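Worksheet: one structure, shown below.
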Amino acid sequence: MLPIEAEIHLKALTLFGNITRANKTSVEWRLAERQLQLKTHTSKSWFIQIKKICLKYDLPDCQNFLTYPLGKFQWKKLITRKIYTYWREKINENSEGYSSLQHIACAYKIKTIHPILTTNTSNCRDINRIPIRTKWQQEITYCNQIEPNSTNVRYQPPAKFVIKKTKRLNIFLSLVFILNRTEKGF
Numbered sequence: 000m001l002p003i004e005a006e007i008h009l010k011a012l013t014l015f016g017n018i019t020r021a022n023k024t025s026v027e028w029r030l031a032e033r034q035l036q037l038k039t040h041t042s043k044s045w046f047i048q049i050k051k052i053c054l055k056y057d058l059p060d061c062q063n064f065l066t067y068p069l070g071k072f073q074w075k076k077l078i079t080r081k082i083y084t085y086w087r088e089k090i091n092e093n094s095e096g097y098s099s100l101q102h103i104a105c106a107y108k109i110k111t112i113h114p115i116l117t118t119n120t121s122n123c124r125d126i127n128r129i130p131i132r133t134k135w136q137q138e139i140t141y142c143n144q145i146e147p148n149s150t151n152v153r154y155q156p157p158a159k160f161v162i163k164k165t166k167r168l169n170i171f172l173s174l175v176f177i178l179n180r181t182e183k184g185f
């Protein structure tokens, strides 16, 4: 999944691609040409914002696309690849600074769901267990921060570490209660 900012940029660049492929006598194409030639970088014009987005994602200059427009699928492939590459690198780079993520072995991959959030069926009980699984994973991550020498990162019953910490005992007991309630089906 991409951040909402990236989704908005993807939609805006798709619209800009449609404008570049439009007839050169169309109002949108002429407006784009004029705005990109006359407006400064500090302008609030939509086309200047597109120019800034192109710079952010290391895309060629917008005026080149007006002169030599790419085909629909070439344009879509180019912007999708650039945006996904940018955000994958940015998220992976920023995640190294978070201490809570140091025990997670898998790297962030766009369009993939973390295994803890997946279910094999569309069963309501499995779907209801997803928040419980995430809470367990938070506890496991917390326990691994307390006891970094523990080897099994995938699953550890957190009781032996949580009971040592009285503040965490309430969370652990509430998780057990929720898990039992979910298993019984209310």
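The sequence shown: position 140 = 139 (numbering that gives the first Met the number 0), numbered continuously. No residue lacks a Cβ here, since even glycine has one placed at the ideal position from N, Cα and C. Quantities reported herein were computed from a predicted structural model and do not represent experimental measurements.
Checklist entry - So what does DSSP say about Tyr83, is it helix, strand or coil? => result Counted from its first residue, the sequence shown places residue 83 at position 84. Note: Tyr83 maps to helix in three-state DSSP.
Checklist entry - Given a threshold of 16 other Cβ atoms within 10 Å of its Cβ, counted over all protein chains shown, does Cys123 qualify as buried or as exposed? => result Along the sequence shown, one-based indexing puts residue 123 at 124. Exposed is the call here.
Item to check | DSSP state of Ser25 mapped onto helix, strand, coil | outcome: Within the sequence shown, residue 25 is the residue found at index 26, counting from 1. The answer is coil: DSSP assigns Ser25 none of H, G, I, E or B.
Item to check | Whole-angstrom distance between Ile82 and Lys10, CA atom to CA atom | outcome: To locate residue 10, count along the sequence shown from 1; it is residue 11. To locate residue 82, count along the sequence shown from 1; it is residue 83. Computed Cα separation, rounded: 11 Å.
Next on the checklist: Assuming Ile49 and Phe15 are in contact, meaning their beta carbons sit under 8 Å apart, how far apart are those beta carbons, in whole angstroms?
Outcome noted: Numbered from 1 along the sequence shown, position 50 holds the residue referred to as residue 49. Numbered from 1 along the sequence shown, position 16 holds the residue referred to as residue 15. So it is a contact: roughly 5 Å between Cβ atoms.
Next on the checklist: Nearest by alpha-carbon distance to Asn63: which of Gln36, Ser25, Arg80 is it?
Outcome noted: Locating residue 63 in the sequence shown gives position 64, where the first residue counts as 1. Considering only alpha carbons, the answer is Gln36.
Item to check | Simplified DSSP state of Gly96, which is helix, strand or coil | outcome: On the sequence shown, position 97 is the one that residue 96 refers to. DSSP places Gly96 in coil when its eight states are reduced to three.
Item to check | Residue range of the alpha helix (DSSP H) that includes Leu12 | outcome: Indexing the sequence shown from 1 puts residue 12 at position 13. Looking at the DSSP string, the run of the alpha helix (DSSP H) that includes Leu12 is 3 to 20.
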